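Structure first, commentary second.
2 protein chains.
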Amino acid sequence: MRTDIAILGFGVVGAGTAQVLEMNKEQIAQRTGTEIYVKRILDLRDFPDSPFADRVTHNADEVFGDKDIKIAVETIGGAKIAYEYTKKALSAGISVVTSNKELVSTHGVELLKIAKENGCQYLFEAAVGGGIPIIRPLYRCLAANKVVRIAGIVNGTTNYILTQMKVNGISLEEAVAQAKQNGYAEANPAADLEGIDAQRKLSILSTIALDGTYVAPSTINAQGITEITTDDIEFASKIGCELKLIALFENKGDKPSAYVAPAYVSKESLIASVEGVFNAIMVEGNALGESLFYGQGAGAIPTASAVCGDIIEAAAGDKMPDSRLWEDKGQAVEAYDDVKASIVVRAPEIPVTAFSEYDTVHLDGAVIVNSIAHKDIEHLIAGIPGAKWMHYLK
Amino acid sequence: MRTDIAILGFGVVGAGTAQVLEMNKEQIAQRTGTEIYVKRILDLRDFPDSPFADRVTHNADEVFGDKDIKIAVETIGGAKIAYEYTKKALSAGISVVTSNKELVSTHGVELLKIAKENGCQYLFEAAVGGGIPIIRPLYRCLAANKVVRIAGIVNGTTNYILTQMKVNGISLEEAVAQAKQNGYAEANPAADLEGIDAQRKLSILSTIALDGTYVAPSTINAQGITEITTDDIEFASKIGCELKLIALFENKGDKPSAYVAPAYVSKESLIASVEGVFNAIMVEGNALGESLFYGQGAGAIPTASAVCGDIIEAAAGDKMPDSRLWEDKGQAVEAYDDVKASIVVRAPEIPVTAFSEYDTVHLDGAVIVNSIAHKDIEHLIAGIPGAKWMHYLK
Numbered sequence: 012m013r014t015d016i017a018i019l020g021f022g023v024v025g026a027g028t029a030q031v032l033e034m035n036k037e038q039i040a041q042r043t044g045t046e047i048y049v050k051r052i053l054d055l056r057d058f059p060d061s062p063f064a065d066r067v068t069h070n071a072d073e074v075f076g077d078k079d080i081k082i083a084v085e086t087i088g089g090a091k092i093a094y095e096y097t098k099k100a101l102s103a104g105i106s107v108v109t110s111n112k113e114l115v116s117t118h119g120v121e122l123l124k125i126a127k128e129n130g131c132q133y134l135f136e137a138a139v140g141g142g143i144p145i146i147r148p149l150y151r152c153l154a155a156n157k158v159v160r161i162a163g164i165v166n167g168t169t170n171y172i173l174t175q176m177k178v179n180g181i182s183l184e185e186a187v188a189q190a191k192q193n194g195y196a197e198a199n200p201a202a203d204l205e206g207i208d209a210q211r212k213l214s215i216l217s218t219i220a221l222d223g224t225y226v227a228p229s230t231i232n233a234q235g236i237t238e239i240t241t242d243d244i245e246f247a248s249k250i251g252c253e254l255k256l257i258a259l260f261e262n263k264g265d266k267p268s269a270y271v272a273p274a275y276v277s278k279e280s281l282i283a284s285v286e287g288v289f290n291a292i293m294v295e296g297n298a299l300g301e302s303l304f305y306g307q308g309a310g311a312i313p314t315a316s317a318v319c320g321d322i323i324e325a326a327a328g329d330k331m332p333d334s335r336l337w338e339d340k341g342q343a344v345e346a347y348d349d350v351k352a353s354i355v356v357r358a359p360e361i362p363v364t365a366f367s368e369y370d371t372v373h374l375d376g377a378v379i380v381n382s383i384a385h386k387d388i389e390h391l392i393a394g395i396p397g398a399k400w401m402h403y404l405k
Numbered sequence: 012m013r014t015d016i017a018i019l020g021f022g023v024v025g026a027g028t029a030q031v032l033e034m035n036k037e038q039i040a041q042r043t044g045t046e047i048y049v050k051r052i053l054d055l056r057d058f059p060d061s062p063f064a065d066r067v068t069h070n071a072d073e074v075f076g077d078k079d080i081k082i083a084v085e086t087i088g089g090a091k092i093a094y095e096y097t098k099k100a101l102s103a104g105i106s107v108v109t110s111n112k113e114l115v116s117t118h119g120v121e122l123l124k125i126a127k128e129n130g131c132q133y134l135f136e137a138a139v140g141g142g143i144p145i146i147r148p149l150y151r152c153l154a155a156n157k158v159v160r161i162a163g164i165v166n167g168t169t170n171y172i173l174t175q176m177k178v179n180g181i182s183l184e185e186a187v188a189q190a191k192q193n194g195y196a197e198a199n200p201a202a203d204l205e206g207i208d209a210q211r212k213l214s215i216l217s218t219i220a221l222d223g224t225y226v227a228p229s230t231i232n233a234q235g236i237t238e239i240t241t242d243d244i245e246f247a248s249k250i251g252c253e254l255k256l257i258a259l260f261e262n263k264g265d266k267p268s269a270y271v272a273p274a275y276v277s278k279e280s281l282i283a284s285v286e287g288v289f290n291a292i293m294v295e296g297n298a299l300g301e302s303l304f305y306g307q308g309a310g311a312i313p314t315a316s317a318v319c320g321d322i323i324e325a326a327a328g329d330k331m332p333d334s335r336l337w338e339d340k341g342q343a344v345e346a347y348d349d350v351k352a353s354i355v356v357r358a359p360e361i362p363v364t365a366f367s368e369y370d371t372v373h374l375d376g377a378v379i380v381n382s383i384a385h386k387d388i389e390h391l392i393a394g395i396p397g398a399k400w401m402h403y404l405k
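Chains as they are written, first to last, in my numbering: chain A, 12 to 405; chain B, 12 to 405.
This is the structure we're talking about:
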């Protein structure tokens with residue numbers, strides 16, 4: 012048996028997908044009982060030196076009009092052409108597999124609905140955590156759990172930058188330049204640095220954790236690492252922490268919360284030791300307890316590995332269960348101002364009575380203040396000369 | 012819709028399963044579109060104080076003869092009654108879900124075949140790593156990978172004991188006594204201490220990594236922690252390592268290898284920081300690279316969480332793919348004597364030329380010897396007075 016697929020956008024991940032399918036051809040055929048065959052590659056460019064040169068087309072109709080093609084891999088990126096092509100494919104009953112977090116987090120509600128209506132699948136394991144299995148474990152392995160918390164390092168670029176700042180004692184600007192040089196940051200890394208990429212991934216994770224109640228990226232407060240100084244990093248080790256950009260979802264009280272922010276992470280947490288471009292996602296289920304998923308959050312071949320896992324699932328031809336649909340019910344998470352967090356306040360001198368209303372832990376030159384609403388933070392530290400604050404994660 | 016199930020053996024995990032199904036009833040019903048109903052509990056005992064008292068039966072026919080029962084949860088343990096009952100259930104077309112590593116690793120080949128022949132499933136996510144999702148990710152998420160390495164801390168009891176020895180500087184005997192007191196070790200903890208439990212789990216992981224080519228527990232050399240001294244533990248920190256009981260599978264050369272042994276694990280590895288009863292399994296795929304799965308490796312509710320995930324999968328009624336069958340082709344892994352490993356050799360004085368044939372790394376008071384066959388180790392260190400060796404994991 013043979014399953015024909017198309018790759019839309021033959022960039023890093025698209026080409027990596029073709030490469031993994033080729034590299035592990037036999038394993039995949041044995042496990043699935045079908046050969047996955049890349050019949051068409053849709054791209055504006057030609058790839059005369061690629062072993063797949065003969066499959067390249069510039070004509071979308073050769074993909075969407077081809078009844079043999081059962082699966083399309085969307086590795087175009089962005090939410091414009093990728094959006095149009097994904098709709099086209101799904102409407103034609105072609106399952107779509109993607110690594111495109113922007114598209115999934117922006118138009119997932121609509122795209123999953125189109126997939127369901129047309130008896131095909133829309134799968135996006137590779138959109139979060141690169142190669143790390145996280146979407147499928149959330150759906151399948153934690154099926155018997157209420158997900159009460161997700162805390163993740165989901166952006167490799169910023170984690171690499173923070174690691175370099177710490178290890179080499181360099182400034183943010185220098186670390187960004189280094190990351191670009193080494194291919195770990197794009198020419199314009201704003202979406203990474205400002206936490207937008209993490210916001211999109213958290214939107215997807217939160218929505219799944221809430222059984223499909225859509226958490227739009229716009230409802231997730233995202234603070235990036237653009238303001239982080241070497242001083243902030245040095246301070247982290249003084250209090251037994253590492254400074255990390257954290258994507259946090261919690262569902263323990265009345266209303267769930269979700270935000271992205273730099274945080275001092277206690278070295279007792281496994282997440283603290285995640286360095287460089289690696290990603291790690293801690294998931295807490297009400298039965299399972301804490302579970303950590305760790306691995307390469309980016310890179311052509313690891314991400315392609317996740318894409319290929321989805322291709323294999325799509326090739327099995329299972330129907331998409333109703334429970335995978337997403338629904339937009341308006342603002343699903345608590346307003347950021349009202350969300351309570353743990354923070355670290357540091358200042359040259361902290362008055363003993365400054366946080367008497369709160370549950371606090373006193374450190375050397377700093378205080379951990381627990382369960383304080385974001386809207387109260389500025390007011391609280393206003394009276395303390397030279398005070399700075401940062402999120403804290405135990 | 013309602014799916015009737017039976018629980019065979021109402022001990023810690025069996026009762027935990029009923030509890031998780033009850034606790035997360037609504038989530039599960041919403042996600043699966045079916046109510047999971049515990050119709051029968053088969054046990055020799057009565058449980059008058061349990062909310063499930065009315066479902067308890069001592070008569071196996073009330074389970075295996077009941078056409079309504081689609082799934083049986085086997086949480087009896089051992090490979091005697093559990094074996095008989097599992098065969099009975101599967102032969103009657105009842106899917107079986109289990110946490111029983113002894114049974115799966117001993118009779119998996121036969122039981123999976125019976126399941127296949129009778130159109131039902133035999134699922135065992137909970138048999139390895141307790142609540143940690145590992146079996147399903149291996150099957151599904153790494154479907155596009157050749158698994159080249161698995162390195163895991165898969166036995167919580169021994170990890171707890173080693174952690175206590177380190178943290179409190181106590182002897183093995185004291186730590187074992189403490190573990191029993193705290194409920195982390197059974198009255199007779201031999202299977203844990205001697206590495207038998209880890210051997211069974213590694214048998215399951217290795218077989219899956221080899222696409223169903225059965226790796227019998229008897230072909231996996233298992234060395235436990237019974238010989239470990241406080242001195243061994245103290246030495247670990249001197250060379251920047253932690254002493255852990257490791258289950259190792261490798262498939263990089265001509266023939267795969269699998270063994271269980273205590274090892275000095277470099278602190279640079281995430282596995283080194285796994286403490287207490289936690290488990291962690293590092294999986295390396297040829298596309299994915301390294302990925303780590305971490306969480307609670309034991310405990311009633313976490314393990315039950317994994318059991319319930321399998322119940323939900325079985326309830327969906329999917330057919331078992333042929334690729335899930337196991338086949339016994341004889342000895343699937345290299346003989347232990349021939350397997351090459353990295354080891355740490357320590358001695359009061361190590362002659363400079365002692366390991367000149369090998370790739371070595373010299374440490375303070377010890378030498379890492381890479382790629383040495385097990386059969387050559389004793390001979391190699393025979394000439395060095397007071398020499399001891401231990402496996403090494405980077």
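We put the beta carbon where it would ideally sit given N, CA and C, even for glycine. Here the structure is a predicted model, which is why all the values come from computation and not from measurement.
Fill in: Inter-residue CB distance, residue 369(B) and residue 382(B) (contact presumed, cutoff 8 Å)
For the purposes of this step, residue 369(B) is identified with residue 358 of the second sequence, where counting begins at 1. For the purposes of this step, residue 382(B) is identified with residue 371 of the second sequence, where counting begins at 1. That belief holds up - the Cβ atoms of residue 369(B) and residue 382(B) are roughly 7 Å apart, short of 8 Å.
Worksheet item: Looking at chain A, which residues of the segment 296-311 of chain B have a Cβ within less than 9 Å of any of its Cβ atoms?
Response: 296, 297, 298, 299, 300, 301, 302, 303, 304, 305, 306, 307, 310
Worksheet item: Would you call the CB atoms of residue 380(A) and residue 290(A) closer than 7 Å?
Response: Numbered from its first residue, the first sequence carries residue 380(A) at position 369. Numbered from its first residue, the first sequence carries residue 290(A) at position 279. No; because the gap between Cβ atoms is not below 7 Å, this pair is not in contact.
Worksheet item: Mapping DSSP to helix, strand and coil, what is residue 304(B)?
Response: Position 293 of the second sequence, counted from the start, is the residue given in the question as residue 304(B). Reduced to three states, the DSSP call for residue 304(B) is strand.
Practice prompt. Look at the alpha carbon of residue 284(A) and the alpha carbon of residue 378(B), and state the distance between them as a whole number of angstroms.
Written response: Residue numbering aside, residue 284(A) sits at position 273 when the first sequence is read from its first letter. Residue numbering aside, residue 378(B) sits at position 367 when the second sequence is read from its first letter. About 27 Å.
Discussion item. Using the Cβ count rule (16 or more neighbours within 10 Å means buried), how would you classify residue 234(B)?
Written reply: Working through the second sequence from its first residue, we reach residue 234(B) at position 223. With 16 or more Cβ atoms within 10 Å of its Cβ, residue 234(B) is classed as buried.
Worksheet item: By Cβ distance below 7 Å, which residues in the same chain neighbour residue 13(A) in space, the five residues on each side in sequence not counted?
Response: Numbered from 1 along the first sequence, position 2 holds the residue referred to as residue 13(A). Excluding positions up to five away in sequence, the list reads 45, 46, 48.
Item to complete: With a threshold of 16 other CB atoms inside 10 Å of the CB of residue 393(A), please say whether the residue is buried or exposed.
Response: The residue given as residue 393(A) occupies position 382 in the first sequence. That one is exposed.
Discussion item. Does residue 273(B) come out as helix, strand or coil in the three-state DSSP assignment?
Written reply: Start at 1 with the first residue of the second sequence, and residue 273(B) comes out as number 262. In this structure, residue 273(B) counts as strand in the three-state DSSP scheme.
Worksheet entry | Terminal residues of the alpha helix (DSSP H) in which residue 331(B) lies | Here residue 331(B) refers to the residue found at position 320 of the second sequence. Careful: residue 331(B) lies outside any alpha helix (DSSP H) and carries neither H nor E.
Worksheet item: So what does DSSP say about residue 34(A), is it helix, strand or coil?
Response: Locating residue 34(A) in the first sequence gives position 23, where the first residue counts as 1. Note: residue 34(A) maps to helix in three-state DSSP.
Practice prompt. With residue 370(B) as the anchor, note down where its beta strand (DSSP E) starts and where it stops.
Written response: Translated into the one-based positions of the second sequence, residue 370(B) becomes position 359. Looking at the DSSP string, the run of the beta strand (DSSP E) that includes residue 370(B) is 370-374.
Worksheet item: Does residue 406(B) have its Cβ less than 7 Å from a Cβ in chain A?
Response: Since the first residue of chain B shown is 12 and the last is 405, residue 406(B) is not available in this structure.
Discussion item. For residue 287(B), would you say it is in contact with chain A, using Cβ-to-Cβ distances shorter than 7 Å as the test?
Written reply: Numbered from its first residue, the second sequence carries residue 287(B) at position 276. Answer no: the Cβ-Cβ gap between residue 287(B) and chain A never drops below 7 Å.
Fill in: Where residue 336(B) falls: helix, strand or coil (DSSP)
The count along the second sequence starts at 1 and reaches residue 336(B) at position 325. Note: residue 336(B) maps to coil in three-state DSSP.
Discussion item. With H, G and I counted as helix, E and B as strand and the rest as coil, what does DSSP make of residue 225(B)?
Written reply: Along the second sequence, one-based indexing puts residue 225(B) at 214. Note: residue 225(B) maps to coil in three-state DSSP.
Worksheet entry | Three-state class that DSSP yields for residue 250(B) in the structure shown | As a working mapping, residue 250(B) is identified with position 239 in the second sequence. Coil, per DSSP.
Discussion item. For the alpha helix (DSSP H) containing residue 176(A), name the first residue and the last one.
Written reply: As a first step, residue 176(A) must be located in the first sequence, where it is residue number 165. Here the alpha helix (DSSP H) through residue 176(A) covers 167-179.
Worksheet entry | Partner residues on chain A for residue 31(B), Cβ-Cβ distance less than 7 Å | As a first step, residue 31(B) is located in the second sequence; it is residue number 20 there, counting from the start. Under the 7 Å cutoff, chain A gives 155, 298.
Discussion item. Any beta carbon from chain B within less than 7 Å of residue 143(A)'s own beta carbon?
Written reply: Taking the first residue of the first sequence as position 1, residue 143(A) is located at position 132. Residue 143(A) counts as touching chain B.
Practice prompt. Kindly indicate if chain B contains any beta-carbon less than 7 Å away from that of residue 147(A).
Written response: The residue labelled residue 147(A) in the question sits at position 136 within the first sequence. At least one chain B Cβ lies under 7 Å of residue 147(A).
Practice prompt. Below 8 Å on the Cβ atoms is my guess for residue 226(B) versus residue 120(B); work out the distance and round it to an integer in Å.
Written response: Within the second sequence, the letter at position 215 stands for residue 226(B). Within the second sequence, the letter at position 109 stands for residue 120(B). At roughly 11 Å, the Cβ-Cβ gap does not stay under 8 Å, so residue 226(B) and residue 120(B) are not in contact.
Discussion item. Just list the residues that DSSP pairs residue 268(A) with in beta bridges.
Written reply: Position 257 of the first sequence, counting from 1, holds the residue named residue 268(A). Per DSSP, 261(A).
Worksheet item: chain A partners of residue 34(B), CB-CB under 8 Å?
Response: Your numbering for residue 34(B) matches position 23 in the second sequence. Simply 297, 298.
Worksheet item: Given that a residue counts as buried once 16 or more other Cβ atoms are within 10 Å of its Cβ, and exposed if not, what is residue 65(B)?
Response: What you label residue 65(B) is simply residue 54 of the second sequence in a count that begins at 1. Burial call: exposed.
Item to complete: Identify whether residue 119(B) lies in helix, strand or coil by the three-state DSSP scheme.
Response: In the second sequence, counting from the first residue as 1, residue 119(B) sits at position 108. Residue 119(B): helix per DSSP, three-state reduction.
Worksheet item: Considering only residues of the same chain and omitting the five flanking positions on each side of residue 326(B), which have a CB-CB separation below 6 Å?
Response: The residue labelled residue 326(B) in the question sits at position 315 within the second sequence. These residues qualify, in order along the chain: 14, 43, 45.
Discussion item. To the nearest angstrom, how far is the alpha carbon of residue 94(A) from that of residue 88(A)?
Written reply: Here residue 94(A) refers to the residue found at position 83 when the first sequence is read from its first residue. Here residue 88(A) refers to the residue found at position 77 when the first sequence is read from its first residue. Distance between the alpha carbons of residue 94(A) and residue 88(A) is about 9 Å.
Fill in: Contact with chain B by residue 42(A), beta-carbon distance below 7 Å
In the first sequence, residue 42(A) corresponds to position 31, counting from 1. Output row for residue 42(A): interface = yes.
Worksheet entry | Residues in the segment 330-345 of chain B having any Cβ partner in chain A nearer than 8 Å | 332, 333, 334
Fill in: Presumed contact (8 Å Cβ cut-off) between residue 77(A) and residue 51(A), rounded CB distance
The count along the first sequence starts at 1 and reaches residue 77(A) at position 66. The count along the first sequence starts at 1 and reaches residue 51(A) at position 40. The pair is a contact, with the Cβ atoms about 7 Å apart (cut-off 8 Å).
Discussion item. Do residue 83(A) and residue 17(A) count as a contact pair if the criterion is CB distance below 7 Å?
Written reply: The count along the first sequence starts at 1 and reaches residue 17(A) at position 6. The count along the first sequence starts at 1 and reaches residue 83(A) at position 72. Taking 7 Å as the Cβ cut-off, residue 17(A) and residue 83(A) qualify as a contacting pair.
Fill in: residue 211(A) - containing beta strand (DSSP E), residue span
Start at 1 with the first residue of the first sequence, and residue 211(A) comes out as number 200. Residue 211(A) -> not in any beta strand (DSSP E); alpha helix (DSSP H) instead, spanning 207-220.
Discussion item. Quick check on residue 195(B): does DSSP put it in helix, strand or coil?
Written reply: As a working mapping, residue 195(B) is identified with position 184 in the second sequence. Of the three classes helix, strand and coil, the one that applies to residue 195(B) here is coil, per DSSP.
Practice prompt. Compute the Euclidean distance between the alpha carbons of residue 117(A) and residue 347(A), then round it to the nearest angstrom.
Written response: What you label residue 117(A) is simply residue 106 of the first sequence in a count that begins at 1. What you label residue 347(A) is simply residue 336 of the first sequence in a count that begins at 1. Cα-Cα distance, rounded: 20 Å.
Practice prompt. Output yes if chain B places a C-beta closer than 7 Å to the C-beta of residue 160(A); else output no.
Written response: As a position in the first sequence, residue 160(A) is number 149, starting the count at 1. No, residue 160(A) does not count as interfacial toward chain B.
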